[in-house]
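Everything below concerns the one structure shown next.
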Amino acid sequence: MKLENLPKTAELKATKRVGRGPGSGMGKTSTRGQNGQKSRSGASIKPWFQGGQSPLYRRLPKRGFNNARFTTRYAIINLSDLNKFFNDGDVVSAEILKERGIIKNSLNGIKVLGNGVLEKKLTVKANRFTNSAVSKIEDAGGKAEVI
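Per our numbering, residue 1 is the first one in the sequence shown, and the count goes up by one each step.
Dropping the structure here:
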């Protein structure tokens, strides 16, 4: 093996001298092409940037643990609905509400809200009541029973 036949290494390779006039073949734009994002000095594009399209991390669905599935969800009914669908002296329960089609499913129970006016004496059986609902039911002469 002769000295002139040794393989060239990175240490021996000359650096590319750009922007040193037209005679070098690498003048003017310094091998960066014409205008554009990569032709500017200091331009760096993040490795995950995809040219303005919706990025991969936003296209994929979320995975992993979430406490939302453990929340207690109640079927909500207002006093105005009870006033509309029931007669004086009736007993209101989840089964009756479902039977009459007032609620579709009882979820984890029923919560009675105090929206509207109650003019009938009703016995309401539910899992939760708001304070205003209890006071309005009792003012009308009815009963609010927590299951």
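By construction, the Cβ of each residue, glycine as well, lies at the ideal position given by its N, Cα and C atoms.
Top-ranked residue by Cα proximity to residue i, from the options
i      : options                      : result
GLY101 : LYS111, LYS121, ARG17, ILE77 : ILE77
SER93  : THR72, LYS125, ASN131        : LYS125
THR72  : LYS62, THR31, LEU107, LYS46  : LEU107
GLY116 : LYS98, SER135, GLY109        : SER135
ARG128 : ILE103, LYS98, GLU145        : GLU145
VAL91  : LEU12, PRO7, LYS143          : LYS143
ALA75  : ILE103, ALA10, SER39         : ILE103
ARG59  : GLN50, LYS98, ASN66          : GLN50
LYS120 : LYS98, LYS84, LYS2           : LYS84
DSSP three-state assignment for residue i, whether helix, strand or coil
i      : result
ALA140 : coil
GLU119 : coil
ARG20  : coil
ASN127 : coil
LEU79  : helix
ILE234 : Only positions 1 to 147 of the chain appear in the structure, and residue 234 is not among them; the question remains open.
LEU107 : strand
LEU12  : coil
LEU113 : strand
Cα-Cα separation between residue i and residue j, rounded to whole angstroms
i      : j      : result
ILE147 : SER132 : 18 Å
SER30  : ARG69  : 58 Å
PRO159 : ALA14  : This structure does not reach residue 159, given that the chain is present from 1 up to 147, and the question cannot be answered.
VAL18  : ASN5   : 29 Å
SER39  : LYS16  : 17 Å
Residue j beta carbon less than 8 Å from that of residue i
i      : j      : result
ILE137 : LEU113 : no
LEU122 : LEU82  : yes
Check: residue i C-beta below 7 Å from any heavy atom of the ligand FMN
i     : result
ARG59 : In the structure on display, the ligand FMN does not appear, and there are no ligands present to speak of.
Whole-Å CB distance - residue i paired with residue j, under 8 Å assumed
i     : j     : result
ILE45 : GLN34 : With a Cβ gap of about 17 Å, ILE45 and GLN34 do not count as contacting.
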